[in-house]
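Protein sequence lines correspond, in order, to chains A and B. Position one of the first sequence corresponds to residue 1 (our numbering), numbered consecutively onward. Position one of the second sequence corresponds to residue 1001 (our numbering), numbered consecutively onward. A short worksheet on the structure shown next.
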Amino acid sequence: MRTKTLFAALLSAGAVSLAHADITVGVTVSATGPAASLGIPEKNTVALMPATIGGEKVNYIVLDDGSDTTTAVKNVRKLTSEDKVDIILGSSTTPVSLAMIDPVAEAQTPMISMAAGAAIVEPVDAKKHWVFKTPQNDLQMATAIVEHMNNHGIKSVAFIGFADAYGEGWWQQFSKVAEARKIKVVANERYARTDTSVTGQVLKMMSANPDAVLVAGAGTPSALPQKALKEKGYKGVMYQTHGVANNDFLRVCGKDCEGTYLPAGPVLVAAQLPDSNPVKKSALEYINKYEKAHGPGSVSTFGAHGWDSGVLLAHAAPVALKKAKPGTKEFRAALRDALEGLKEVYGAHGVFSMSPTDHLGLDQRARVMVKIENGKWVLQK
Amino acid sequence: MNLQIALLLGQDGIVNGAIYALLALALVLVFAVTRVIYIPQGEFVSYGALTLAAFQTGRTPGTLWFLLAAGAVVAAIDIVIAVRAGALGRIGRIVLWNLALPAIVAGLVFWLESDKLPLAIQVVLTLAIVVPLGPMVYRLAFQPVAEASVLVLLIVSVAVHTAMVGLGLLFFGAEGSRTPPFSEAQFQLGGLVVNGQTLWVLGASAVLIVALYVFFERTLYGKALRATAINRVGARLMGISSTMAGKLSFTLAAGIGAFSGILIAPITTIYYDTGFLIGLKGFVAGIIGGLASYPLAAAGAILVGLLESFSSFWASAFKEVIVFTLIIPVLLWRSLTSHHVEEEE
Chain A
1 MRTKTLFAAL LSAGAVSLAH ADITVGVTVS ATGPAASLGI PEKNTVALMP ATIGGEKVNY
61 IVLDDGSDTT TAVKNVRKLT SEDKVDIILG SSTTPVSLAM IDPVAEAQTP MISMAAGAAI
121 VEPVDAKKHW VFKTPQNDLQ MATAIVEHMN NHGIKSVAFI GFADAYGEGW WQQFSKVAEA
181 RKIKVVANER YARTDTSVTG QVLKMMSANP DAVLVAGAGT PSALPQKALK EKGYKGVMYQ
241 THGVANNDFL RVCGKDCEGT YLPAGPVLVA AQLPDSNPVK KSALEYINKY EKAHGPGSVS
301 TFGAHGWDSG VLLAHAAPVA LKKAKPGTKE FRAALRDALE GLKEVYGAHG VFSMSPTDHL
361 GLDQRARVMV KIENGKWVLQ K
Chain B
1001 MNLQIALLLG QDGIVNGAIY ALLALALVLV FAVTRVIYIP QGEFVSYGAL TLAAFQTGRT
1061 PGTLWFLLAA GAVVAAIDIV IAVRAGALGR IGRIVLWNLA LPAIVAGLVF WLESDKLPLA
1121 IQVVLTLAIV VPLGPMVYRL AFQPVAEASV LVLLIVSVAV HTAMVGLGLL FFGAEGSRTP
1181 PFSEAQFQLG GLVVNGQTLW VLGASAVLIV ALYVFFERTL YGKALRATAI NRVGARLMGI
1241 SSTMAGKLSF TLAAGIGAFS GILIAPITTI YYDTGFLIGL KGFVAGIIGG LASYPLAAAG
1301 AILVGLLESF SSFWASAFKE VIVFTLIIPV LLWRSLTSHH VEEEE
């Protein structure tokens, strides 16, 4: 409903926008459907993005794709052909973002995805030329976990992940890194996020007797294997991925998740970062803004990926404005070039330095290891 | 695989199977009486579980507003019809069931501090909110098209399902909830650890199934439902209102759904859309019973539960595939062994 009113307001503003050359930003996020827990904070974050960039007014058109690839493609076509947007932000998940690559490349409109899959921007080819993303690659996070395992004397590990692109992507990255670093992966199991029981998988993993278990899931469904393991008396070390980094996970998993390790973007523990960390200030800025609008403790790392897409835009648009007027093909091309040329931009999740071959631009400053202690995220040095 | 793992998997499969059995019974009941393939059945599972979870965290569940709104709409429609028909005597009952009762429930929820109540009272309140939604949904969505073909009823059913999932997201948010178990007890049974909650699920399912059996065999209303299921026209000629039968079967289905949700909420995390898949597995079980036989549907549910838990051990990535592929040989077998009767349109 709100999207609709906003949309109507923007349509009426659209007629004026050509004269004033406002920047038009199309956003498609998964505010409903299975990825709603990612899309809702991202949608809320769009409302906090700057209203003017480089002296030009910015119009945001927010659409919901319901976590559905077909709807997302339809949204992109509508945004590029009817609304003539200068850039598209979104969407929330990897499969949906992958589906959007073709239509944005066709319309020669830059896009910044808020989904994690490396395949969205790698390798940079003629189509992905137009595509950027803000979340850390699974590989970066998997490497952080394996390093932590190496440092803590873990020799064997069992893997259980979602039976979808998320779990599969993690399995490929993690098994590769683990093998290279001499950690034996003794079990590879899958479960669906709607499953009500994982007893079978848990028993199979426990019969392999691993030193540690890694759960590759996102959001509260990742609590299920961990609770089942604890219930069956598993005593080893537990690892989760950054997909669980929101407070709902802590609420659902409760005391069964004490002592769990996970890699995460620094925004999760921004207040605990040393002042010398360059990301601390930019991460706290986002947290303060979001919590002012939605209440203390409401912030999530997913919304922060959305925020970072806004940060990239805010840094690239002034450069592009010098070359062309918004609403034109030249401006879109200039905006893309400006995004690719960004260096040392401080976001909530790390420092972005793009290049023609790297459309993510994050380095190891974009991840920290976190431990769950007394129902809180605690930064590990 | 050793014996202990097989026992654990069997236990897990039977617990899930018990829940599927309850839902399968509700689906068979609704289909037999009203010819509706009741897809929203799963939503009542989520609504029941999440309403209880909302009480336990001290929030007012959104389903309460849904109940008040649906009650008001039903009352408005029925009063207009009653006034037009000149049957003013009916108004008292319409107001009592659709306005007064939800208002009393709402009053209780606001008056009592729901998060400090004992679990039993919370469960009763949850049922008092979710169960009346069953007959209201029937009144609003299915009663006006009660004589339509199975296909039309199925389409309406899909629409109701989509609407209720959307409302569920609005009421409870995208994240899931768990409720504390009814009992923390653990029993040792020859090397097998049995949780109190497991026994609760099995016991409650068994009691519910026996209660349904007694209801259908021994009570007048139960016999009326059976009569409608066997022959709708014949039952009407004998003075059994098909509207009453429809409402009653939807009430029972809502009750079974909500109670199943309350039973499994401590075992697994429930999301606003979890119910659909649970309901679908109940549907597979119902199909095994040909959507007509209660004992076959219950046996099918246990089979689905066991198949699910053992396939999650051997081939976890293909679990759902295995469970839903089961439906193909079953359909083949049923269409080869039973006489197919064309539906009269």
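Built from N, CA and C at the ideal position, the CB exists for glycine as well.
- Contact check for valine 1152 of chain B against valine 1137 of chain B fails: the beta carbons are separated by 8 Å or more.
- Excluding its 5 nearest sequence neighbours in each direction, valine 1193 of chain B has C-beta neighbours in its own chain below 8 Å: Gln1186 and Phe1187, listed in chain order.
- With respect to isoleucine 120 of chain A, valine 104 of chain A sits apart: the two C-beta atoms are not nearer than 8 Å.
- Checking the DSSP bridge columns, you'll see arginine 190 of chain A partnered with A:Gly161.
- Taking isoleucine 1322 of chain B as reference, the option from B:Val1304, B:Arg1334 and B:Leu1332 with the minimal CA-CA separation is B:Val1304.
- Fewer than three beta-carbon pairs drawn from the segment 1101 to 1108 of chain B and the segment 1213 to 1228 of chain B are found closer than 8 Å, and the two stretches are therefore not classed as touching.
- Between tyrosine 1272 of chain B and valine 1165 of chain B, the gap from beta carbon to beta carbon is short of 8 Å.
- CA-CA distance, arginine 190 of chain A to glycine 55 of chain A, rounds to 51 Å.
- For glutamate 1043 of chain B, the enclosing alpha helix (DSSP H) stretches over residues 1041 to 1056.
- Taking 7 Å as the upper bound on Cβ-Cβ separation, chain B lies near residues Val252 of the segment 251 to 283 of chain A.
- Here aspartate 64 of chain A carries a strand assignment [DSSP, helix/strand/coil].
- By DSSP's assignment, glutamate 373 of chain A forms a beta bridge with A:Lys376.
- Proximity of glutamate 42 of chain A to chain B, defined by a Cβ-Cβ separation below 8 Å, is not satisfied.
- Secondary structure at tyrosine 1294 of chain B: helix, using DSSP grouped into helix, strand and coil.
- Under DSSP, valine 345 of chain A shares a beta bridge with A:Phe352.
- In the three-state DSSP reduction, glutamate 56 of chain A falls in the strand class (E or B).
- Residues of the segment 197 to 219 of chain A whose Cβ lies closer than 8 Å to any Cβ of chain B, in chain order: Ser197, Val198, Thr199, Gly200, Gln201, Leu203, Lys204, Ser207 and Gly219.
- For isoleucine 1121 of chain B, the nearest beta carbon of chain A is not closer than 8 Å to its own beta carbon.
- By the rule that beta-carbons nearer than 8 Å mark a contact, serine 300 of chain A does not touch chain B.
- With a cutoff of 8 Å on beta-carbon distance, alanine 320 of chain A and leucine 335 of chain A are scored as near each other.
- For tryptophan 1314 of chain B, the number of other beta carbons within 10 angstroms of its own is below 16, and it is reported as exposed.
- Residues of the segment 1090 to 1104 of chain B with a Cβ closer than 8 Å to any Cβ of chain A: none.
- Taking 8 Å as the cut-off, the Cβ atoms of isoleucine 87 of chain A and threonine 52 of chain A do not count as close.
- Excluding five sequence positions before and after leucine 1127 of chain B, the CB atoms of its chain that fall closer than 6 Å to its own CB belong to Ala1258, given in chain order.
- With respect to the 8 Å criterion, alanine 208 of chain A and phenylalanine 174 of chain A are not classified as neighbours on the basis of their beta carbons.
- Lysine 133 of chain A sits in a strand when the DSSP states are folded into three classes.
- According to the DSSP assignment, alanine 212 of chain A belongs to the beta strand (DSSP E) that extends over 212 to 216.
- Proline 263 of chain A sits in a strand when the DSSP states are folded into three classes.
- Using a C-beta cut-off of 8 Å, the segment 35 to 50 of chain A makes contact with the segment 289 to 301 of chain A, since at least three inter-stretch Cβ pairs fall below that distance.
- Ranked by how close their Cα comes to the Cα of valine 1095 of chain B, the residues B:Val1109, B:Trp1111 and B:Asp1078 have B:Asp1078 in first place.
- Within chain A, the residues whose beta carbon sits less than 7 Å from that of threonine 1268 of chain B are Thr196, Ser197 and Leu224, listed in sequence order.
- In the DSSP annotation of this structure, the continuous segment of the alpha helix (DSSP H) that includes isoleucine 145 of chain A starts and ends at 138 to 151.
- By the criterion of a C-beta distance shorter than 6 Å, asparagine 150 of chain A is surrounded in its chain by Arg181, once the five residues flanking it on both sides are discounted.
- Neighbourhood of aspartate 248 of chain A in chain B, by CB distance below 7 Å: Glu1175, in chain order.
- Pairwise C-beta distances place the segment 281 to 294 of chain A out of contact with the segment 318 to 332 of chain A, as fewer than three of them are shorter than 8 Å.
- When C-beta distances to chain A are compared with 8 Å, the residues of the segment 1317 to 1329 of chain B below that value are Ala1317, Lys1319 and Glu1320, in chain order.
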